[in-house]
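Residue 11 in this note's numbering is what sits at position 10 of the sequence shown, and the numbering runs on without skipping anything. Read the structure below first, then the notes.
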Amino acid sequence: MRRPQYPGKKFLGNINSKEVHDLDQEDTSGSGCQIDEIVRAGHAVTFDPDILFEAHRLGYDNCAKCLGGSHR
Ligand SMILES: [Zn+2]
């Protein structure tokens, strides 16, 4: 689910874990992406351009829950 505080953004990174999430494929289960927890903790970051390549370029790894295919 995309968040109104990040208008139009599909990808959201966690600066603490250096993982990137796809908000359109978010796992909202208790052990899922926990996007709201990331936002609440102030660890959320978005990318410009809002593409996976940019996240990878900045050293972010795919979240196993929503994106899979970890590069680590
Ligand atoms: Zn995720």
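Backbone N, C-alpha and C define an ideal beta-carbon position, used for all residues, glycine too.
What span of residues does the alpha helix (DSSP H) with D25 cover, start to end? Premise fails: D25 is in no alpha helix (DSSP H) and is neither H nor E.
Measuring only from the beta carbon, is D28 closer than 8 Å to any heavy atom that is part of ligand 1? The beta carbon of D28 sits closer than 8 Å to at least one heavy atom of ligand 1.
Among the candidates Q26, Q6, N17, whose CA atom is the shortest distance from the CA of A65? A65 has its Cα closest to that of Q26, out of Q26, Q6, N17.
For K10, tell me which candidate among L53, Y61, S71, G69 has the shortest Cα-Cα distance. With distances taken between Cα atoms, K10 lies closest to L53.
Rounded to a whole number of angstroms, what is the C-alpha to C-alpha distance between L59 and G33? In a straight line, the C-alpha of L59 is about 23 Å away from that of G33.
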